[in-house]
Amino acid sequence: MAHAHDEHEHDHEHEHEHEHDDSGADREREFVRRQALAQIRQYPDVALRMRAREVAEFDEFLVQLVERMANLMHDAQGVGLAATQIGVLQRVFVFAPDDEPMRAVVNPRLTLDESEKAVDEEGCLSLREVRVPVERATKVVIEGKDPNGDDVRYELEGLAARVVQHETDHLDGVLTIDRTDPESRKQALGALRPRPTLV
Ligand SMILES: [Zn+2]
Numbered sequence: 020m021a022h023a024h025d026e027h028e029h030d031h032e033h034e035h036e037h038e039h040d041d042s043g044a045d046r047e048r049e050f051v052r053r054q055a056l057a058q059i060r061q062y063p064d065v066a067l068r069m070r071a072r073e074v075a076e077f078d079e080f081l082v083q084l085v086e087r088m089a090n091l092m093h094d095a096q097g098v099g100l101a102a103t104q105i106g107v108l109q110r111v112f113v114f115a116p117d118d119e120p121m122r123a124v125v126n127p128r129l130t131l132d133e134s135e136k137a138v139d140e141e142g143c144l145s146l147r148e149v150r151v152p153v154e155r156a157t158k159v160v161i162e163g164k165d166p167n168g169d170d171v172r173y174e175l176e177g178l179a180a181r182v183v184q185h186e187t188d189h190l191d192g193v194l195t196i197d198r199t200d201p202e203s204r205k206q207a208l209g210a211l212r213p214r215p216t217l218v
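Just so we're aligned, residue 20 is where the sequence shown starts under our numbering, counting upward by one.
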């Protein structure tokens, strides 16, 4: 999942950009972000619509996969990334909302507290600049394994709860555009339509 405020911050930075500002660090960060995004499957890649399989082997491949996903999420300035987004159909995702340490969940089982829901805009590292309102439970429990095969159980709320619902959806081939209202979906599909390259 892409950070909800990235685009606004970028717009803001841009507004106040001056020719002589030392923006080398910003440019480097943007270059790293674009390189990471180039390694993340983009809509309408078919992998994004596939259901990932349960992880059966907790081996070195899995540990390295999680490490690679954590690096990509960080470089792409996202708050969550699912394995399907890099074309690996295994039930594993990483998340790190609000500068919290990165956590990985393998074979996640999500329990929603249905008593309270909230609508907020969600971006996605696989949906370019598209950001749509999505209703989610505000409190969840997520259980599963860590990459070493040990049990994990997290009680989450707010952004963290939203992110793990978003990432669990990815493992079932579900995207934000499937969960938003019809008007937002229509606008999003328009923005995602392939555009000819103008030279
Ligand atoms: Zn996403």
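All residues carry an ideal CB built from backbone N, CA and C; glycine is no exception.
Residue i burial status per 10 Å Cβ neighbour count (16 or more: buried)
| i | result |
| --- | --- |
| Gly99 | buried |
| Leu217 | exposed |
| Ser134 | exposed |
| Arg225 | For residue 225 there is no data in the structure shown, the boundaries of the chain being 20 and 218. |
| Pro127 | buried |
| Ala71 | buried |
| Gln54 | exposed |
| Gln184 | buried |
| Leu208 | exposed |
| Thr130 | exposed |
| Pro213 | exposed |
Range of the contiguous alpha helix (DSSP H) that encloses residue i
| i | result |
| --- | --- |
| Ile196 | Thr195 to Arg198 |
| Gly142 | Careful: Gly142 lies outside any alpha helix (DSSP H), inside the beta strand (DSSP E) at Lys136 to Gly142. |
| Pro63 | Where Pro63 is concerned, there is no enclosing alpha helix (DSSP H), given that its DSSP letter is neither H nor E. |
| Arg87 | Glu79 to Asp94 |
| Arg147 | Per DSSP, Arg147 belongs to no alpha helix (DSSP H) and is neither H nor E. |
| Glu47 | Gly43 to Leu56 |
Cβ neighbours of residue i in the same chain (closer than 6 Å, five flanking residues each side left out)
| i | result |
| --- | --- |
| Ala66 | Arg60, Thr103 and Gly106 |
| Asp132 | Ala156 and Lys158 |
| Gly142 | Ala21 and Arg150 |
| Phe77 | Gly168 |
Any chain B beta carbon closer than 8 Å to residue i
| i | result |
| --- | --- |
| Ala71 | The displayed structure is made up of one protein chain only, and chain B is not part of it. |
Contact set for residue i: own chain, Cβ-Cβ below 7 Å, skip 5 residues either direction
| i | result |
| --- | --- |
| Asp200 | Pro152 |
| Glu73 | Arg110 and Asn126 |
Candidates the options: closest to residue i by CA position
| i | options | result |
| --- | --- | --- |
| Ser203 | Met69, Ala101, Asp139 and Asp170 | Asp139 |
| Asn90 | Arg172, Ala115 and Pro215 | Ala115 |
| His228 | Asp78, Leu108, Ala210 and Gln58 | The chain is shown from 20 up to 218; residue 228 falls before or after that span and cannot be answered. |
| Gly192 | Glu49, Ser145 and Gln96 | Ser145 |
| Leu84 | Ala101, Gln96, Phe50 and Leu56 | Ala101 |
| Glu148 | Glu49, Leu211, Ser42 and Pro215 | Leu211 |
| Asp170 | Glu162, Gly177 and Glu176 | Glu162 |
Cβ shell of residue i (< 8 Å), same chain only, five flanking positions each side left out
| i | result |
| --- | --- |
| Glu119 | Ala179 |
| Asp30 | Since pLDDT at Asp30 reaches only 47, below the 50 mark, its modelled position is unreliable, and the value read off the structure follows with that caveat. Excluding residues within five positions, none has a Cβ falling inside 8 Å. |
N-terminal and C-terminal residue of the beta strand (DSSP E) that residue i is part of
| i | result |
| --- | --- |
| Thr130 | Arg122 to Leu131 |
| Leu100 | Gly99 to Ala101 |
Next on the checklist: Quick check for students: name the residue ranges of the alpha helix (DSSP H) that lie wholly in the region 168 to 210, counting only runs of 4 or more.
Outcome noted: Residue ranges of uninterrupted alpha helix (DSSP H) with 4 or more members, entirely inside the region 168 to 210 and ordered along the chain, are 177 to 190 and 195 to 198.
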